[in-house]
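The sequence shown: position 223 = 223 (the UniProt record's numbering), numbered continuously.
Below: the structure, in structure tokens.
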Amino acid sequence: MWRSPAMSSLSSRLTGVGAARVQSPNCGYNTMLQDHIYKTNVTRSTFLLENRVDHKAAACENSIQNVRGVQKYQIGENVSRKDKISFLMNMFLNLKDSKEAVYGALDAWVAWERQFPIGSIRRALLTLEKEQQWHRVVQVIKWMLSKGQGNTMGTYGQLIRALDMDHRADEAHLFWSKKIGTDLHSVPWELCKLMLSIYYRNNMLECLVKLFKGLEAFDRKPPEKSIVQKVANAYEMLGMLEEKDRVEQKYIHLFSETHKGDNKKFRTTSKKKSQGLRQNKLSNKISQRTRK
């Protein structure tokens with residue numbers, strides 16, 4: 001086993017002390033026994049110390065390798081935003097799918113920036129979404145939030161959507177409960193609609209009903225028929241038929257307004273079609289007269 005010079009010197013000193021005790025003419029059997037026990041303890045202590053030193057040396061070597069691996073991703077300040085985003089996307093392709101690798105690479109990527117590049121990060125996230133790399137989107141947003149950046153409802157919605165697309169509805173629910181669901185008075189309806197849809201698709205009906213009741217407690221009125229329909233269906237599947245009837249009666253105006261809107265749209269489309277037919281007939285008559 002390899003020993004460092006310091007450990008070899010310590011071992012030789014301790015062994016020398018034990019040998020000096022054994023060679024003394026006044027030593028008896030008890031002294032020899034004590035020296036044997038002492039040498040055994042010294043050997044064990046030396047072995048443990050060497051193992052600790054070897055372990056620390058290996059840890060130091062791994063840290064150096066990790067730093068070297070991250071340093072190759074560092075870029076300077078004189079690079080354009082477009083090139084930085086391209087660099088970041090190429091870096092993602094060569095990274096292992098682990099939190100440590102992604103966080104380390106992103107830390108190195110922003111190391112030379114005077115200000116946090118929130119704009120470049122958002123553009124990179126949009127590119128990742130287009131490529132449907134939802135797991136990577138989650139990692140990047142979580143890293144950004146860990147730096148105290150991007151704490152907006154837009155970022156929260158982006159994370160919840162990515163978690164849903166990555167089949168992590170339970171994690172999306174936990175994030176909602178921790179970051180958003182504590183104050184439903186000011187949460188945009190678009191974000192509420194997203195969470196209600198996630199609950200509905202993943203058969204988390206109790207959570208759906210609880211969220212909708214919380215919104216009703218703040219007198220938040222659903223803006224769309226589809227939201228009410230999901231809530232009514234959830235009540236029905238849970239066997240709460242009275243609540244289903246209550247919701248449908250309370251927001252019946254959404255159903256009637258949607259119906260009127262559909263009829264108006266249908267009438268507008270029919271009118272445009274009839275105008276198109278008239279124009280075609282006129283053009284045909286003109287062409288026939290021209291031929292004559």
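Glycine included, each C-beta is placed from N, C-alpha and C at the ideal position.
In whole angstroms, what separates the C-alpha of residue i from that of residue j?
| i | j | result |
| --- | --- | --- |
| Val187 | Leu211 | 12 Å |
| Ile198 | Thr182 | 18 Å |
| Asn135 | Leu208 | According to the sequence displayed, residue 135 carries His and not Asn. Each residue's alpha carbon lies about 25 Å from the other. |
| Asn90 | Glu242 | 56 Å |
| Val140 | Glu248 | 41 Å |
| Lys147 | Leu125 | 16 Å |
| Val53 | Lys99 | Note that Val53 scores 44 on pLDDT, short of 50, meaning its location in the model is unreliable; the coordinates nonetheless yield the value given after this. If I take the Cα positions, the gap works out to 29 Å. |
| Pro223 | Asn203 | 23 Å |
| Ile227 | Asp219 | 15 Å |
| Met240 | Ser80 | 58 Å |
| residue 364 | Glu206 | Lying outside 1 to 292, the shown extent of the chain, residue 364 is not represented and no answer is given. |
| Glu131 | Gly104 | 23 Å |
| Asp170 | Ser256 | 35 Å |
| Ala101 | Leu88 | 13 Å |
| Arg168 | Ala217 | 28 Å |
Just mark residue i as buried or exposed, buried being the case when its beta carbon has 16 or more other beta carbons within 10 Å.
| i | result |
| --- | --- |
| Arg246 | exposed |
| Arg114 | exposed |
| Gln133 | buried |
| Phe92 | buried |
| Trp109 | buried |
| Phe175 | buried |
| Leu128 | buried |
| Ala232 | buried |
| Trp143 | buried |
| Ser63 | Note that Ser63 has pLDDT 47, beneath the 50 cutoff, so the model's placement of it is unreliable and the number below is only indicative. Exposed, since its Cβ has fewer than 16 Cβ neighbours within 10 Å. |
Note down, in chain order, each residue of its chain lying with its Cβ closer than 8 Å to the Cβ of residue i, except the 5 sequence neighbours on either side.
| i | result |
| --- | --- |
| Met153 | Ile180, Val187, Pro188, Leu191 |
| Lys230 | Leu196, Ser197, Tyr200, Leu208 |
| Asn94 | none |
| Thr155 | Ile141, Met144, Leu145 |
| Lys221 | Tyr251 |
Could you pull out every residue in the same chain whose Cβ sits closer than 6 Å to the Cβ of residue i, ignoring the five residues on either side in sequence?
| i | result |
| --- | --- |
| Ser177 | none |
| Leu106 | Trp143 |
| Phe116 | Gln149 |
Taking Cβ positions, are residue i and residue j nearer each other than 7 Å?
| i | j | result |
| --- | --- | --- |
| Ala172 | Asp166 | no |
| Leu254 | Lys225 | yes |
| Gln244 | Tyr251 | The sequence given here places Lys at residue 244; Gln does not occur at that position. Cβ distance not < 7 Å, so Lys244 and Tyr251 don't count as in contact. |
| Ser120 | Lys84 | yes |
| Leu215 | Leu238 | no |
Please return the same chain residues whose Cβ sits closer than 7 Å to the Cβ of residue i, not counting the five positions on each side in sequence.
| i | result |
| --- | --- |
| Val138 | Leu159, Ala162, Leu163, Asp166 |
| Ile118 | Gln149, Gly150 |
| Gly157 | Leu191, Leu194 |
| Gln74 | Only weak support is given to the placement of Gln74: the predicted model assigns it a pLDDT of 47, under 50, and the question is left unresolved by the model. |
| Arg123 | Ile85 |
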